[in-house]
Amino acid sequence: MGILEVKDVNKRFGGLKALSEVNLSVKENTCHAIIGPNGAGKSTLLNCLVGKLIPDTGSVMFDGQSVLGRTPHEINQMGISRVFQTPEIFGDLTVMENMMIPLFAKRDGAFRMHAYESVSAERALIEEAEAMLADVKMLDKRNMHSASMSRGDKRRLEMAMCLIQKPKLLLLDEPTAGMARADTNNTIDLLKEIKSKRDITIAIIEHDMHVVFSLADRITVLAQGTPLVEDTPEKIKGHPKVQEAYLGEAH
Amino acid sequence: MSKTNVTRRGVLKSGAVAGAGVALPTIFTASSASAYTNEPTGDTVTLGFNVPQTGPYADEGADELRAFELAVEHLNGTGADNGMLETFKYADGSGTVLKGNGILGKKVQFVSGDTQTKSDAARASAKSMIEKDGAIMITGGSSSGVAVAVQALCQEAGVIFMAGLTHANDTTGKDKRANGFRHFFNSYMSGAALAPVLAKAYGGDRKAYHLTADYNWGYTTEEAIRASTEAMGWETVAAVKTPLTQTDFSSYIAPVLNSGADVLVLNHYGGNMVNSLTNAVQFGLRAAEANGKKFEIVVPLYSELMARGAGSNIAGILGSQNWDWKLENILGSRYSGTNAFVQSFGTKYGFPPSQAAHTCYVQTLLYADAVERAGSFEPCAVVAALEGFEFDGLGNGPTLYRADDHQCFKDVVVVRGKENPENEFDLVEIVEVTPVEQVTYAPDHPQFAGGALGSCNNGA
Amino acid sequence: MDALILQILNGLDKGSAYALIALGLTLIFGTLGVVNFAHGALFMIGAFCAVTLNKILTLSHTVVDETRKNFLGQPMELQVPYVYDLFGEDMGNTIIDWSVPMAILFAIPVMVLVGVVMERGLIKYFYKRPHADQILVTFGLAIVLQEVIKYFYGANPIPTPAPSAFTGSFDFGALIGFDANTIIYPYWRLVYFAFAAMIIGAVFAFLQFTTFGMVVRAGMADRETVGLLGINIDKRFTIMFGLAAAVAGLAGVMYVPINPPNYHMGMDFLVLSFVVVVVGGMGSLPGAVLAGFLLGILESFASMKEVIDIIPGINQIIIYLVAIIILLTRPRGLMGRKGVMES
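Going down the list, the protein sequences come from chains A, B and C.
Going by the UniProt record's numbering, the first sequence opens with residue 1, and the numbers climb by one from there.
Going by the UniProt record's numbering, the second sequence opens with residue 1, and the numbers climb by one from there.
Going by the UniProt record's numbering, the third sequence opens with residue 1, and the numbers climb by one from there.
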């Protein structure tokens, strides 16, 4: 029984069948990648996983609870953290302030009407934030206006903001899209580190095969809205059906 | 005074339809086979009271409406007393022919409309009262812009217009109409009345700074005050126009003290006056000195409502009014009718009437009396009855409704804000009354030139 | 020179009101994404809090004085305020005298309540609606509020004076080295400016130094991300609306001695405040404050006789002229973030 269980999910948009009989099981503390050609339904599936879309049929259970139809902050409080293509950080705030927000969220929950307390009085949280910043090697940039950082730095900050909440599941949606080789490698290293150091489940949607094969424990291949194959990376590499799906799509 | 509020229309009462009559010449549906518009055929006659019921002058409009209702009671003989019907006299000393049994035996009814203090809304409201409710006379209002507009409409429609509170020269000047009549005094009269009092109080060697509301009433008042004060030796240092929608006048007041002037004349009415006077006193103008003299402020036209709004800031400020409820008590029986009206109004409503209420009440009585004397409601007959009409006992002393311009000529009251008012109805004290001879002008006076009375219109 | 300084002072104190109202408007737009045309009405309600407190403090009972007569010739009825009975005439007068500053304490909870009720009762249904819908509904609300106040208080302005210690003016010029009597400025207007500066400072300090403030700033930067990180931002925004309402209300309370409050003062300030927000940059708090003071000063200069002589009528249109120029050349406003309102 995986920590994330997707069962019999179907989704139709008008005449288009976007998802068809999708079944997926992500085991705890593993890295599960979802790949497939364009139009395979990866984004649609992701949106179902994070409450943005409600499938026509089927269920999505995380840690025994249904995810369907929940608000974004509820999903976060369940322990799911998401990372998008464009780094979602608070541009107007400093790096340090960016780190404090997820800490407040974690400590206070979504609804606690909290704190007119001074920020500087939150010594415990500040130390925790500093520790994380040191971990991602950004401590020296703590007072920097986050909008003025490089894209790679923003990505690292975003990742740090997610991780500091100690999520159970990290959902990544094409995290290296548009990145140069060097940045991509940095991201791979970061994720490898995360995998090894923490108890965390990772589900990643990716196009870049290098990233996928570096990180994934299991891979699900989606094509035309339905899972084609699910197996270990070695088995997927030479799989004829996978090649066909990609080759067919490429031409 | 029209305010340009973005896309806003206030709530209208009793049958007034907004927007229909905007800027187009109004076309009146001819009534069938009557000799004149809305000829009353049954046993009632309908009067139309067009007052501001919404907008910034709503409180003044309410007072006008109270006076109108009281007048109707007295005309019908259903009031607790007879008010000014007891004191209303003709030039030969005989009493009015009004007997308290309606007008020409017909019971008086009325409808009311909301001018919103906007010309187009006022016209639409008047038009509705004429066409839908059969009003044979329209009266009321608190603004010269509205008065001029409604007067023109009544002329086209063939009904009589008895103006309410309108002070600009133009209403019986360049915009005068044969069907229209104004009892309330005008800017010229204020200037002529104030000038000698100002000279006596402040001396003939003064330099005046004028702040003037940027519309026709402001212009005529400034012109009138300047002409009369300059004639007795004052110098006008500056005359600055202020936008009608201005609320904070500080930037206009601030330069006054160092301008070389020692008198500030506020040609402002209503909300403008409340704010500009408050700001002027705030900036210490009352306590200041300039050119070795005490700095003074003059507000040519006072209203009780504005005085209330300005609070303690009116203390010591000179101005003029058409009438004051204390007139007979202070200055004696020449102003008989005042106490009768004050008693009647005060007993019914619990507080003394404003000058707006007074002029509306008087206009209603004057109309009814003219109809009785003419023996007909026909507008041209009423016009003939009012032109050149001399009367007394309506609170202003002997008064003439001049034929050349349909303007009443009477004494003018010069008032001053009280230093220590006892209550909100006792805010001004009467300084003196300027006799009618000193405020009379020739019909072709330049301040009133440019228009023609035309001939009366019976409509239909 | 003294004329210039006078107009700068004028502009600062006029600008104080604009800045405070624009601050609240920007807070609401930046956090909730709502264009709140009822904000001027909040300013008006604040002013009427002061009027109400004054009325409460001067609640009187009638005492008949046989020795004096009223206008009808009957024995005069005097109104004796209850505070005289409770505290004696001198103390009673002092209390009534200070009713405007005391109204600050009275107004804060009232305004927060009004803001919260407005937000929970009406505004929250319009978060996702297009701005045009928001404008219509909040404008309608503004008219309703205005008419309610008019129903209870009448249409006439109600004079509500400052404490006698602060009425009148003083020689500002002497303070900064000018000849005597060249620059006279009213006390209360300077008090108002200082008060406004304090409130603005307090709001910025709150946003900068408290945890709640930091979450609000994050929400203004990127509302979606705040939700993704697990914070239900909508609930906090209710409080923000209450806070913005309180800021507008306080601006109104202290304004009453400057011009007697009346029911349409909200509308008078509303259009100008929106121009301020647009010029300053929608979504930028420092921009709103800066633009408020700037436009106040500009308006003051434009009313100078010397300026009107050169460009007649400039005093009526200067603010709108500036707004048009900004919208044409730099639509995001002086300090707005790139992309806001530029689509």
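Idealized CB from N, CA, C, for every residue including glycine.
> What are the residues that DSSP puts in a beta bridge with HIS61(C)?
Replying inline: VAL80(C)
> Counting only beta-carbon atoms, is HIS131(C) nearer than 8 Å to chain B?
Replying inline: no
> Unbroken beta strand (DSSP E) runs of length 3 or more, entirely within the segment 29-110 of chain B: which are they?
Replying inline: Complete beta strand (DSSP E) runs here, min 3: 44-51.
>> Rounded to whole angstroms, what is the Cα-Cα separation between LYS237(A) and THR57(A)?
In response: Rounded to whole angstroms, LYS237(A) to THR57(A) spans 32 Å at the Cα level.
> Of all the residues that make up the segment 177-190 of chain C, which are near chain A by a beta-carbon distance shorter than 7 Å?
Replying inline: none
>> Strictly under 8 Å for the Cβ-Cβ distance: is ILE318(C) near chain B by that measure?
In response: no
> Starting from residue 461(B) and walking both ways along the beta strand (DSSP E), at which residues does that stretch end?
Replying inline: Residue 461(B) lies beyond the stretch modelled for chain B, which goes from 1 to 460, so this question has no answer here.
> Can you tell me the Cα-Cα spacing of VAL298(B) and ASP63(B), whole angstroms?
Replying inline: Between the alpha carbons of VAL298(B) and ASP63(B) lies a gap of roughly 26 Å.
> With burial defined as no fewer than 16 other Cβ atoms inside 10 Å of the residue's Cβ, what is the status of VAL136(A): buried or exposed?
Replying inline: Counting other Cβ atoms within 10 Å of its Cβ, VAL136(A) reaches 16 or more and is therefore classed as buried.
> Does DSSP put HIS210(B) in a helix, in a strand, or in coil?
Replying inline: Strand, per DSSP.
> What does TYR219(B) touch in chain C if you count any residue whose Cβ is under 7 Å from its own?
Replying inline: Within 7 Å Cβ-Cβ: nothing; TYR219(B) doesn't reach chain C, min ~14 Å.
> Mind pulling the chain B residues with CB within less than 8 Å of LEU72(C)?
Replying inline: VAL342, GLN343, GLY346 and THR347
> Mind pulling the chain C residues with CB within less than 9 Å of LEU93(A)?
Replying inline: Result: MET214, ARG217, ALA218 and ALA221.
>> Give me, in chain order, the residues of the same chain whose beta-carbon lies closer than 7 Å to that of LYS326(B); leave out the 5 immediate sequence neighbours on both sides.
In response: ILE430
> Are the C-beta atoms of THR399(B) and some chain C residue less than 8 Å apart?
Replying inline: no
> VAL146(B): which of ALA135(B), ALA124(B), ASP133(B) and ALA157(B) sits nearest, CA to CA?
Replying inline: ALA124(B)
>> Please identify, using Cβ separations under 7 Å, the residues of the segment 2-19 of chain C that lie next to chain B, in order along the chain.
In response: ASP2, ALA3, LEU6, GLN7, ASN10 and LYS14
> Mapping DSSP to helix, strand and coil, what is SER250(B)?
Replying inline: Here SER250(B) sits in helix by DSSP.
> From LEU290(C) to GLU432(B), what distance separates their C-alpha atoms?
Replying inline: 52 Å
> Any idea if SER276(B) is buried or exposed, counting beta-carbon neighbours within 10 angstroms, 16 or more meaning buried?
Replying inline: buried
> Going by the CB atoms, is the gap between LYS11(A) and residue 260(A) shorter than 8 Å?
Replying inline: Only positions 1 to 251 of chain A appear in the structure, and residue 260(A) is not among them; the question remains open.
> CB-CB under 7 Å to VAL371(B), same chain, minus the five flanking residues each way: which ones, in chain order?
Replying inline: Here the set comprises ILE103, LEU104, PHE377 and VAL382.
> Using a Cβ-Cβ cut-off of 6 Å (strictly less than) and excluding sequence neighbours within five positions of ALA20(B), which residues of its own chain qualify?
Replying inline: Bear in mind that the predicted position of ALA20(B) carries a pLDDT of just 40, short of 50, making it too unreliable to give a figure here.
>> Using 8 Å for Cβ pairs, my map puts SER169(C) next to GLN53(B). What's the rounded Cβ distance?
In response: Not confirmed; about 39 Å, so no contact.
>> Give the list of continuous alpha helix (DSSP H) stretches no shorter than 4 residues that lie fully inside the segment 217-281 of chain B.
In response: Runs found: 250-253.
> How many whole angstroms separate the CB atoms of GLY134(B) and ASN50(B), which I take to be in contact at a CB cut-off of 8 Å?
Replying inline: In this structure, GLY134(B) and ASN50(B) do not form a Cβ contact; the two beta carbons are roughly 15 Å apart against a cut-off of 8 Å.
> ILE101(A) by DSSP, collapsed to three states: which one?
Replying inline: ILE101(A): helix per DSSP, three-state reduction.
> Given that ALA105(A) touches chain C, what residues does it touch there, using C-beta distances under 9 Å?
Replying inline: VAL215, VAL226, LEU229, GLY230 and ILE231
>> List, in chain order, every chain C residue whose beta-carbon is nearer than 9 Å to that of PRO421(B).
In response: None at all; the shortest Cβ gap to chain C is about 12 Å.
>> Taking contact to mean 3 or more Cβ pairs, one atom from each stretch, closer than 8 Å, check whether the segment 207-226 of chain C and the segment 73-92 of chain A are in contact.
In response: Touching, yes.
> Can you list, in chain order, the residues of its chain whose CB lies under 6 Å from that of CYS408(B), leaving out five sequence neighbours each side?
Replying inline: HIS183, THR399 and TYR401
> Any beta-carbon of chain C closer than 8 Å to the one on ASN38(B)?
Replying inline: no
> Counting pairs of beta carbons, one from the segment 50-58 of chain C and one from the segment 93-111 of chain C, are three or more of them closer than 8 Å?
Replying inline: For the pair of segments examined, the segment 50-58 of chain C was found to touch the segment 93-111 of chain C: the number of CB pairs separated by less than 8 Å reaches three.
> Run through DSSP, which three-state label would PRO75(C) get?
Replying inline: strand
>> Against chain A, which members of the segment 201-212 of chain C pass a CB distance test of less than 9 Å?
In response: Answer in chain order: PHE206, GLN208, PHE209, THR210, THR211 and PHE212.
>> Quick check on the burial criterion: 16 or more other C-beta atoms within 10 angstroms. Buried or exposed for PHE13(A)?
In response: exposed
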